[in-house]
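Chains L and H are the protein sequences, given in the same order.
Per our numbering, the first sequence starts with residue 111, numbered consecutively.
Per our numbering, the second sequence starts with residue 3, numbered consecutively.
First comes the structure, then the notes that go with it.
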Amino acid sequence: MERDLILSDLELVEKVKSGDRRAFSELVKRHQRSVLRLSLRFVKDMDTAEDVTQEAFIKAYEKLNSFEGRSSFKSWLFQIAVNTARNKIREWKRDTVDIDDVQLAVGAEAETTLVHTAVADILQQEVEKLPFKQKTALVLRVYEDLSFNEIADIMECPYDTAKANYRHALMKLRQTFEQQAELKNWTEEVGGFFMEVNQRFAEAEG
Amino acid sequence: MDRKEPMDRLEKVRKNLRAADDLELPMSEDFFERLHDKIMAGVEQTEMAPPPMLMTPRNLLRAHWRGWLYPAGGVMSLFVFSSLLLSQVSKVNQSMQRAGLLSDGHERIVAEALLSPEDLSRTLISTQSESDFFMDVARESFENLSVAKFNKIMGESGR
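Below, the structure is given as structure tokens:
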């Protein structure tokens with residue numbers, strides 16, 4: 111076990127390919143938290159996120175011989191996890207017509223007045239309303255700290271497309287912020303975070 | 003039409019969005035040990051697919067263009083190198099012939115053959131017999147014969 115700790119992901123992958131399942135156990139231990147966290151951001155339910163995580167690792171093991179090492183193992187694993195989460199969301203599709211347009215099923219509470227809802231909840235709900243590709247780029251960039259090259263590998267798209275999805279996501283959130291009167295009140299109370307955001311975007315527009 | 007937002011401004015927004023993140027993961031080690039065991043139980047039931055023998059059309063299309071640079075570059079290099087080499091060899095041959103280093107060796111062959119004609123006919127001129135060879139040499143000598151020498155030969159043979 112001590113020796114496994116000093117092996118890189120790629121070295122462990124080679125060991126797994128040669129038949130060492132214990133090496134895959136080490137890969138699971140290294141990446142299960144980040145995969146679970148990523149899954150949870152999409153499916154919003156811990157039990158489902160666990161299922162997505164398990165399915166992602168099983169698919170990764172099954173397809174490991176097709177992993178050529180062009181991207182990092184983590185990027186490749188995240189790609190599988192995102193696709194698995196997306197398929198899971200499609201299974202529960204309620205009010206959506208096309209998953210790529212993403213209007214993810216939003217709870218009834220979102221239809222009621224938002225006067226007393228915390229800003230973080232508003233933020234989260236607005237992120238949920240983003241198109242899937244934009245949300246994916248936003249989640250991977252903001253919450254997982256990945257580079258656009260890694261995001262492009264995970265989303266299987268060109269670098270510029272990944273960047274554009276991320277930018278469009280932020281721009282849509284900005285529009286939402288401007289429409290939320292309560293958000294503005296909150297920004298005045300807490301000292302101007304979103305005021306600054308609004309100001310900067312207004313400057314960019316102007 | 004979307005305008006390009008300066009990425010450095012968005013970078014600060016990104017940091018602030020992250021600060022507002024309220025996602026919580028279980029902190030219990032037991033939870034992750036159970037999750038790990040659950041995952042490995044599924045892996046134990048799974049067979050690893052064999053490596054792909056050929057690139058599928060989808061993978062070919064998705065393959066980065068740089069991947070084709072090396073084989074294409076190698077083939078082009080061989081082609082260019084062989085073209086240059088052939089032209090250089092041709093030039094060397096021509097210059098050597100002009101210098102007389104690559105003569106057809108006729109004079110040398112004749113001299114060698116006169117010493118041992120049977121060897122020549124067996125090795126170099128397999129289609130010719132000894133009499134054929136002497137006829138060739140005699141014909142060539144006759145063509146180069148001077149008038150004085152001809153008269154002398156005819157005079158001597160007539161006796």
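Backbone N, C-alpha and C define an ideal beta-carbon position, used for all residues, glycine too.
#1: Measuring CB atoms only, is the stretch 177 to 190 of chain L touching the stretch 228 to 247 of chain L, in the sense that at least three cross pairs come out at less than 8 Å?
#2: Determine the contact status of L/V162 and L/S149, defining contact as a CB-CB distance below 8 Å.
#3: May I ask you to report which of helix, strand or coil DSSP gives H/F34?
#4: Give the DSSP-derived three-state secondary structure of H/R141 in the structure shown.
#5: Do you know whose CA, among L/A247, L/F134 and L/A274, lies nearest H/T48's CA?
#6: May I have the straight-line CA-CA distance separating L/E201 from L/T194, to the nearest angstrom?
#7: Using the three-state DSSP reduction, which class does L/Y276 fall into: helix, strand or coil?
#8: To test your reading of the DSSP string, which unbroken alpha helix (DSSP H) runs of 4 or more residues are found completely within the stretch 237 to 266 of chain L?
#9: Could you check how far apart the C-beta atoms of L/N175 and H/P52 are, in whole angstroms? I think they sit under 8 Å.
#10: Looking only at its own chain, which residues have a Cβ that is under 7 Å from the Cβ of L/V123, when we skip the five neighbours before and after it?
#11: Measuring alpha carbon to alpha carbon, tell me which residue in L/F258, L/V192 and L/S257 is nearest L/Q170.
#12: In chain order, what residues of the same chain have a beta carbon less than 7 Å from the beta carbon of L/S118, not counting five sequence neighbours either side?
#13: When the Cα atoms are used, what is the spatial distance from H/L1 to L/R147?
#14: Let me confirm a value: H/V45 is counted as buried when at least 16 other C-beta atoms fall within 10 Å, else exposed. Which label applies?
#15: Do you know offhand how far L/D126's Cα is from H/R20's?
#16: Which residues of chain H have a Cβ atom closer than 8 Å to the Cβ of L/T163, listed in chain order?
#17: For the alpha helix (DSSP H) containing L/W186, list its first residue and its last residue.
#18: Measuring CB to CB, does L/S144 end up less than 8 Å from L/D263?
#19: Buried or exposed: where does H/F83 fall if 16 or more other Cβ atoms within 10 Å of its Cβ makes it buried?
#20: What does H/G44 reach in chain L if we use C-beta pairs closer than 9 Å?
According to the data block:
#1: Taking 8 Å as the limit for Cβ pairs, the verdict is that the stretch 228 to 247 of chain L does not touch the stretch 177 to 190 of chain L.
#2: Closer than 8 Å, so yes.
#3: Residue state, collapsed to three classes: helix.
#4: It is helical.
#5: Checking every option, the nearest Cα to that of H/T48 belongs to L/F134.
#6: Roughly 11 Å separates the two Cα atoms.
#7: Looking at L/Y276 - three-state DSSP - the assignment turns out to be helix.
#8: List check, alpha helix (DSSP H) in window: 242 to 248 and 258 to 265.
#9: Contact flag correct, Cβ pair sits at about 6 Å.
#10: L174, F177 and F183, listed in sequence order.
#11: The displayed chain sequence assigns Ala, not Gln, to residue 170 of chain L. Among L/F258, L/V192 and L/S257, the Cα nearest to that of L/A170 belongs to L/V192.
#12: Take L/S118, set aside five residues on each side of it, and no residue of its chain has a beta-carbon closer than 7 Å to its own.
#13: This structure cannot speak to residue 1 of chain H, because chain H is shown only from 3 to 161.
#14: By the neighbour-count rule (16 or more Cβ atoms within 10 Å), H/V45 is buried.
#15: Per the sequence presented here, residue 126 of chain L reads as Val, with Asp not at that position. Rounded to the nearest angstrom, the two C-alpha atoms are 35 Å apart.
#16: What L/T163 touches in chain H: L37 and I41.
#17: First-last of the alpha helix (DSSP H) with L/W186: F183 to E201.
#18: With respect to the 8 Å criterion, L/S144 and L/D263 are not classified as neighbours on the basis of their beta carbons.
#19: Exposed, by the Cβ-count rule.
#20: Within chain L, the residues near H/G44 are Q164, E165, F167, I168 and Y171.
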